[in-house]
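S.K.: First residue of the sequence shown: 238, per the working numbering; consecutive thereafter.
Sharing a structure here in C-alpha cells format.
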Amino acid sequence: MKGNKSTELLWSLFGACLVAAVIGYKPVVIVHGLFDSSGAFVELLRFINQSHPGTNVSVFDLFDRSSSLQPLWKQVEGFKAAIYPIMQNAANGVHFICYSQGGLICRGILSTLPDHNVHSFISLSSPQAGQYGDTNYLKYLFPQFMKFNLFHFCYTSVGQRISICNFWKDPHHMDMYMNSSDYLALLNSERTNPNSTVWKKNFLRIKKLVLIGGPDDGVITPWQSSQFGFYDDNETVVEIKDQDLYLRDVFGLKTLNARGDLFLCSMAGVEHINWHSNYTVFNTCIEKWLV
Numbered sequence: 238m239k240g241n242k243s244t245e246l247l248w249s250l251f252g253a254c255l256v257a258a259v260i261g262y263k264p265v266v267i268v269h270g271l272f273d274s275s276g277a278f279v280e281l282l283r284f285i286n287q288s289h290p291g292t293n294v295s296v297f298d299l300f301d302r303s304s305s306l307q308p309l310w311k312q313v314e315g316f317k318a319a320i321y322p323i324m325q326n327a328a329n330g331v332h333f334i335c336y337s338q339g340g341l342i343c344r345g346i347l348s349t350l351p352d353h354n355v356h357s358f359i360s361l362s363s364p365q366a367g368q369y370g371d372t373n374y375l376k377y378l379f380p381q382f383m384k385f386n387l388f389h390f391c392y393t394s395v396g397q398r399i400s401i402c403n404f405w406k407d408p409h410h411m412d413m414y415m416n417s418s419d420y421l422a423l424l425n426s427e428r429t430n431p432n433s434t435v436w437k438k439n440f441l442r443i444k445k446l447v448l449i450g451g452p453d454d455g456v457i458t459p460w461q462s463s464q465f466g467f468y469d470d471n472e473t474v475v476e477i478k479d480q481d482l483y484l485r486d487v488f489g490l491k492t493l494n495a496r497g498d499l500f501l502c503s504m505a506g507v508e509h510i511n512w513h514s515n516y517t518v519f520n521t522c523i524e525k526w527l528v
C-alpha cells in the first residue's frame, strides 16, 4: 500500500510539473500596501505555488513599512524600474496582484508605461476611487485630525508628499481635491491632465481588470471604493456604473466592461489585513485569472 501511495504521489507531482511546463503560467508580480513588506504575502505565495506550480512570483522589498508613506509617484517610478525587466523577459505577459495602496501604485505604472504587457490586473482591496474614513490607519498617522478636517492638511503641497493624502478624497471639498490632488485626481482625470488620452491607451493594454473588496474590510472607506464606487456629497455611495469616471469612460472602465474584461468580486467577512491570506478569497476571486 505504501509503495502504491508513493507511486501515486510521484505521478501527481510529475503531472503537476508537466502541466506547468505545458501551460507556461505567466509570471506574477505582487505589489504591497501601506506599512507592508514582502513578508506579508507568504500565504498568497503558497496558494499560487499549490494551484499553479512553477509560477515565477515576485514580491519586492521596496518602500516597505514607513517608507510606504512616500509620495505615490515616487513609488510608481521605483516599482516600475524593478518590474520592467520581468515584463521584458515574459514574452506572454505578466499578472499583477496589487494590494491596498499597491493597487493605486499599479494603476500609475499601467497608465504611464506604454509597452507594458500586463494580462490580469487584480486589484485586491484597493481604494481605487479614493479614501474617506476614520480608520485606525488615519488615527495612527494623523492623531489630531478626523476625516472631516483632514482636507486642511492633505490638500496642501506638504500633505501631497504623504502617500495617503495622494488618494484622500473628501466628498465635501471636491474642488480642493481636484485642484490639489497630484495623484488620484490625475489618474481619474478628475483634474486636467494633458496625458489623459495616452494614459487611457496605456491602461487599456491590460486584458482583464479584477476588482476585489467587501463590506467587512474595515479600512477602505467606503469599501465600494475597491470597485470604483464612492460617496456623493451626502456620503451616499454611488456605485461604479453610475460614477462620472465610468460614464465618461475617462480612463477605460466602460471600455473594459464593453469588452467583457471587467470583473467585480465581493466577499463578506474578510477584514482588510486578511485579503491576501484568505484561501477562499484566492480560490474565488484570484486563482482563475492567473493563467
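Ideal placement from N, C-alpha and C gives every residue a C-beta, glycine not left out.
Are the stretch 273-284 and the stretch 366-385 touching by the rule of at least three beta carbon pairs closer than 8 angstroms?
M.R.: With the cut-off at 8 angstroms, the stretch 273-284 and the stretch 366-385 do not touch.
S.K.: Three-state secondary structure (DSSP) at residue 499?
M.R.: Strand at residue 499.
S.K.: CB-CB under 6 angstroms to residue 391, same chain, minus the five flanking residues each way: which ones, in chain order?
M.R.: Around residue 391: 402 and 405.
S.K.: Would residue 457 and residue 450 be called neighbours here (beta carbons separated by less than 8 angstroms)?
M.R.: For residue 457 and residue 450, yes; Cβs fall inside 8 angstroms.
S.K.: For residue 359 versus residue 353, is the C-beta spacing smaller than 8 angstroms?
M.R.: Cβ atoms of residue 359 and residue 353: not closer than 8 angstroms.
S.K.: Start and end of the alpha helix (DSSP H) containing residue 455?
M.R.: Segment: none, residue 455 is in no alpha helix (DSSP H) and carries neither H nor E.
S.K.: Examine chain D for any beta-carbon lying closer than 8 angstroms to the beta-carbon of residue 479, and answer yes or no.
M.R.: Structure shown: chain D not included; a single protein chain is present.
S.K.: Are the beta-carbon atoms belonging to residue 320 and residue 265 less than 8 angstroms from one another?
M.R.: No, these two residues do not count as a Cβ contact at 8 angstroms.
S.K.: Whose C-beta lies closer than 8 angstroms to the C-beta of residue 400 among residues of the same chain, with five residues either side of it excluded?
M.R.: Counting only Cβ-Cβ distances below 8 angstroms, and skipping sequence neighbours, we find 271, 305, 306, 307, 308, 309, 312 and 338.
S.K.: Taking Cβ positions, are residue 455 and residue 508 nearer each other than 8 angstroms?
M.R.: Cβ atoms of residue 455 and residue 508: closer than 8 angstroms.
S.K.: Under 6 angstroms Cβ to Cβ from residue 472, same chain only, skipping five residues before and after it: list those, please.
M.R.: Same-chain partners within the cutoff: there are none.
S.K.: What residues in its chain sit with their C-beta under 6 angstroms from that of residue 503, if we drop five residues either side in the sequence?
M.R.: Contacts found: 451.
S.K.: Would you kindly check if the distance between the Cβ of residue 500 and the Cβ of residue 437 is under 8 angstroms?
M.R.: Taking 8 angstroms as the Cβ cut-off, residue 437 and residue 500 do not qualify as a contacting pair.
S.K.: Might you give, ordered along the chain, the residues of its own chain that have their beta carbon closer than 6 angstroms to the beta carbon of residue 281, omitting 5 neighbours on each side?
M.R.: Within the same chain, residue 281 has close Cβ partners 513.
S.K.: Scan the stretch 323-402 and note each continuous alpha helix (DSSP H) run of 4 residues or more that stays entirely inside, going in chain order.
M.R.: For the stretch 323-402, whole alpha helix (DSSP H) runs of length 4 or above, ordered along the chain, are 338-349, 373-378 and 388-391.
S.K.: Just reading off the alpha helix (DSSP H) that residue 447 is part of, what are its end residues?
M.R.: Unbroken run through residue 447 is the beta strand (DSSP E), 445-450; no alpha helix (DSSP H).
S.K.: Give the straight-line distance between the Cα atoms of residue 470 and residue 383, rounded to the nearest whole angstrom.
M.R.: C-alpha separation (whole angstroms): 17 angstroms.
S.K.: In three-state DSSP terms, what is residue 258?
M.R.: Confidence is the limiting factor: at residue 258 the pLDDT is only 47, short of 50, which leaves the residue's position unreliable and the question unanswerable from this model.
S.K.: Buried or exposed: where does residue 484 fall if 16 or more other Cβ atoms within 10 Å of its Cβ makes it buried?
M.R.: Exposed: under 16 other Cβ atoms inside 10 Å.
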